[in-house]
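Q: One structure, pasted below without further comment.
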Amino acid sequence: MTTKYLSEVHETLNKEHLEISKAEFSRDYLSQCSSYLCYLVSSGNEPTRNVLLNLWGKLSHKAEIYENLAERDQPVNLQRRYQQSALLMRDLADATEREFKRLSTQKALKPSLSAFAV
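For reference, each letter of the sequence shown is one residue, going 9 to 126 in this note's numbering.
Right, dumping it as structure tokens:
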């Protein structure tokens with residue numbers, strides 16, 4: 009589920025205006041090597057919670073940048089564009105936080121192998 013979520017975030021960013029490759033997304037938003045997202049998709053593996061934290065941090069930071077740009081004295085069309093971008097980044101950051109919490113709860117419910125050690 010989480011790998012699918014990361015792919016959806018990448019697609020959403022591309023649809024909205026940021027033409028970024030999977031390699032750039034892996035490197036710049038996930039703070040991983042450039043082949044990370046492709047690796048997850050092809051292997052069926054799931055990302056770590058740290059990867060979701062990296063994504064949340066990047067999206068939150070971008071939201072702040074766009075919010076600050078929207079507050080500057082500039083043409084209305086630019087202010088609207090920055091406000092829309094800020095809202096998108098904030099929504100994606102909030103969704104990433106929910107995904108992180110879901111993943112954390114899911115992992116906490118799984119029994120630890122050390123619990124079965126004799």
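C-beta atoms are modelled at their ideal positions from N, C-alpha and C, and glycine is treated no differently.
Keep in mind it's a predicted model, so treat the numbers as computed, not measured.
Are the beta-carbon atoms belonging to residue 10 and residue 100 less than 9 Å from one another?
A: Not closer than 9 Å, so no.
Q: Check whether the segment 79 to 96 touches the segment 104 to 118, taking contact to mean three or more Cβ pairs, one atom from each stretch, closer than 8 Å.
A: Flag = no, the segment 79 to 96 and the segment 104 to 118 do not touch.
Q: Compare the C-alpha of residue 98 against each of 72, 25, 79, 46 and name the closest.
A: Of 72, 25, 79, 46, the residue nearest in Cα terms is 72.
Q: Using a Cβ-Cβ distance cut-off of 9 Å, determine whether residue 70 contacts chain B.
A: No chain B is part of this structure, which consists of one protein chain only.
Q: Within the segment 19 to 87, note down every full alpha helix (DSSP H) run reaching 4 residues or more, in order along the chain.
A: Counting whole runs of 4 or more residues, the segment 19 to 87 contains the alpha helix (DSSP H) stretches 44 to 51, 57 to 79.
Q: Please classify residue 84 as buried or exposed, where buried requires at least 16 neighbouring CB atoms within 10 angstroms.
A: With fewer than 16 Cβ atoms within 10 Å of its Cβ, residue 84 is classed as exposed.
Q: Taking the CB atoms as reference points, tell me whether residue 38 and residue 62 lie closer together than 9 Å.
A: Against a cut-off of 9 Å, the Cβ pair of residue 62 and residue 38 comes out as a contact.
Q: Do residue 45 and residue 14 have their C-beta atoms within less than 9 Å of each other?
A: It is a contact, given that the beta carbons lie within the stated cut-off.
Q: Where does residue 126 sit, in a helix, a strand or coil, going by DSSP?
A: At residue 126, the pLDDT of 42 sits below 50, so the modelled position is not reliable; the number obtained from the coordinates is stated separately. Here residue 126 sits in coil by DSSP.
Q: Pull up the distance between the alpha-carbon of residue 26 and that of residue 47, whole angstroms please.
A: In a straight line, the C-alpha of residue 26 is about 22 Å away from that of residue 47.
Q: Using a threshold of 9 Å, state whether the C-beta atoms of residue 77 and residue 111 are closer than that.
A: Not a contact, by the Cβ cut-off of 9 Å.
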